[in-house]
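In UniProt numbering, the protein residues as written are 1 to 368.
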């Protein structure tokens, strides 16, 4: 079960900020924080895109969105290997849930490309009194529907994309006054979504499939920022990652400080469910005994950004324009004019090679 939580920036969740030394820090996700304590979490996790549809391609297909977003390009309509195709290959029943009007945000179209067997949107939910008036069915009732509707065929893989933690930052009338207002508009609706996820778990725990299920939680992208730490350029992509299962055999416990990204989720899940064929992935399995090199990538809309080894790089499609220490998340001290160590020279070549491989596979339709 994969939760892509709308606008779920890492800064909202206390479990991911214990070592960040942010003055006056307040968490707005009490349930997620408690779940994180029973899970494997990644407090140095990044999104690979800037919009919701980018999150869908990154999380499910391991395809990041660069300056020219993959999902809005003519190249997105091709055969794509993904966690959906892997699960289909293993005989899983695959479904995608999003409480917005069917077809909005491009999810239905891209879901069809990925090969989901079922799509459940506002049409299938069919209770318009639970519509928020702007985007979608409120998260709490839609997640109840999600909990009760999946698992009719097993094994299954289901993805849900939540909706309520979004501009115009509304919550249902009956919950007015229940949550802290916080310091930014986003703080109230993210508490509502956290509460909706808590209620989802109360229902899901009663289902026969619950105890043998892997749950993944991440954000599609970030949103409003309350703390200066998250104003830093790379931290504008900072989202959480939680891997949870009630089944101890999966051994999903602890805090992994390694740098991770959305495109790691697909190979990680392929690993966890025992898929032993070769897959195409720019991410890496986060639970493998083998140590794969980590190349984190995203784009601010004008340049590609890489985290490789102990450095970060900015790349304009032709040349490396910025070299930064890995902990310089705000890109304040560009080392591009300094003498290059062999390590930096190699990492610059790696960034260019990665970009060439990405373009080759996307343009020449080698994504299956």
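The beta carbon of each residue, even a glycine, is placed where N, CA and C say it ideally should be.
Once you ignore the five residues that flank residue i on each side, which residues in its own chain have a CB closer than 7 Å to its CB?
| i | result |
| --- | --- |
| residue 135 | 100, 163 and 166 |
| residue 184 | 224 and 226 |
| residue 209 | 151 and 154 |
| residue 284 | 264, 267, 292 and 294 |
| residue 307 | 259, 296 and 326 |
| residue 33 | 13, 14, 15 and 27 |
| residue 250 | 214 and 272 |
| residue 343 | 309 |
| residue 20 | 229 |
What's the C-alpha gap between residue i and residue j?
| i | j | result |
| --- | --- | --- |
| residue 2 | residue 262 | 12 Å |
| residue 61 | residue 215 | 17 Å |
| residue 275 | residue 85 | 11 Å |
| residue 280 | residue 265 | 13 Å |
| residue 322 | residue 269 | 33 Å |
| residue 186 | residue 197 | 17 Å |
| residue 13 | residue 36 | 10 Å |
| residue 324 | residue 314 | 9 Å |
| residue 330 | residue 236 | 10 Å |
| residue 358 | residue 41 | 28 Å |
| residue 291 | residue 139 | 38 Å |
| residue 252 | residue 74 | 38 Å |
| residue 172 | residue 181 | 14 Å |
| residue 230 | residue 18 | 14 Å |
| residue 371 | residue 117 | Coverage of the chain is limited to positions 1 through 368, which leaves residue 371 absent and any answer about it impossible. |
| residue 129 | residue 312 | 48 Å |
| residue 366 | residue 79 | 8 Å |
| residue 351 | residue 272 | 28 Å |
| residue 126 | residue 102 | 11 Å |
| residue 178 | residue 51 | 29 Å |
| residue 361 | residue 368 | 9 Å |
| residue 338 | residue 255 | 35 Å |
| residue 242 | residue 133 | 31 Å |
| residue 356 | residue 217 | 31 Å |
| residue 205 | residue 319 | 52 Å |
| residue 113 | residue 82 | 10 Å |
| residue 244 | residue 158 | 15 Å |
| residue 426 | residue 207 | No statement about residue 426 is possible, as the shown extent of the chain runs from 1 to 368 and does not include it. |
| residue 124 | residue 174 | 24 Å |
| residue 188 | residue 131 | 18 Å |
| residue 278 | residue 176 | 50 Å |
| residue 104 | residue 305 | 29 Å |
Going by DSSP, which residues form a beta bridge with residue i?
| i | result |
| --- | --- |
| residue 3 | 160 and 217 |
| residue 261 | 46 |
| residue 271 | Residue 271 pairs with nothing; no bridge assigned. |
| residue 94 | 157 |
| residue 355 | Answer by DSSP bridge pairing: none, since residue 355 is not bridged. |
| residue 287 | Beta-bridge pairing links residue 287 to no other residue. |
| residue 131 | 137 |
| residue 296 | 307 |
Keeping to the same chain, check which residues put their C-beta closer than 8 Å to that of residue i; ignore five residues upstream and five downstream.
| i | result |
| --- | --- |
| residue 227 | 11, 22 and 25 |
| residue 31 | 194, 195, 197, 198 and 201 |
| residue 333 | 324 and 325 |
| residue 336 | 320, 321, 322 and 323 |
| residue 76 | 57, 70, 110 and 113 |
Leaving out five residues before and five after residue i in sequence, what residues of the same chain have Cβ atoms less than 6 Å from its Cβ?
| i | result |
| --- | --- |
| residue 120 | 97 |
| residue 378 | The requested residue 378 does not occur in the structure, where the chain is confined to residues 1 to 368. |
| residue 43 | 16 |
| residue 316 | 303 |
| residue 232 | 329 and 330 |
Given a cut-off of 9 Å on the beta-carbon distance, is the pair residue i and residue j in contact?
| i | j | result |
| --- | --- | --- |
| residue 200 | residue 143 | yes |
| residue 48 | residue 58 | yes |
| residue 377 | residue 288 | This structure gives no information on residue 377, because the portion of the chain shown stretches from 1 to 368. |
| residue 309 | residue 347 | yes |
| residue 111 | residue 72 | no |
| residue 160 | residue 9 | no |
| residue 88 | residue 115 | yes |
| residue 222 | residue 246 | no |
| residue 4 | residue 282 | no |
| residue 122 | residue 203 | no |
| residue 95 | residue 169 | no |
| residue 301 | residue 7 | no |
| residue 191 | residue 29 | yes |
| residue 234 | residue 46 | yes |
Measuring only between beta-carbons, confirm whether residue i sits less than 9 Å from chain B.
| i | result |
| --- | --- |
| residue 306 | The chain inventory of the structure shown lacks chain B, comprising one protein chain alone. |
3-residue-minimum beta strand (DSSP E) runs that sit fully inside the segment 97-128, ordered along the chain: 118-120
Contiguous beta strand (DSSP E) assignments of at least 3 residues, all confined to the segment 172-254: 215-219 and 241-244
Alpha helix (DSSP H) runs wholly inside the segment 18-90, at least 4 long, in chain order: 30-36, 52-61 and 83-89
Beta strand (DSSP E) runs wholly inside the segment 299-324, at least 3 long, in chain order: 304-308 and 311-315
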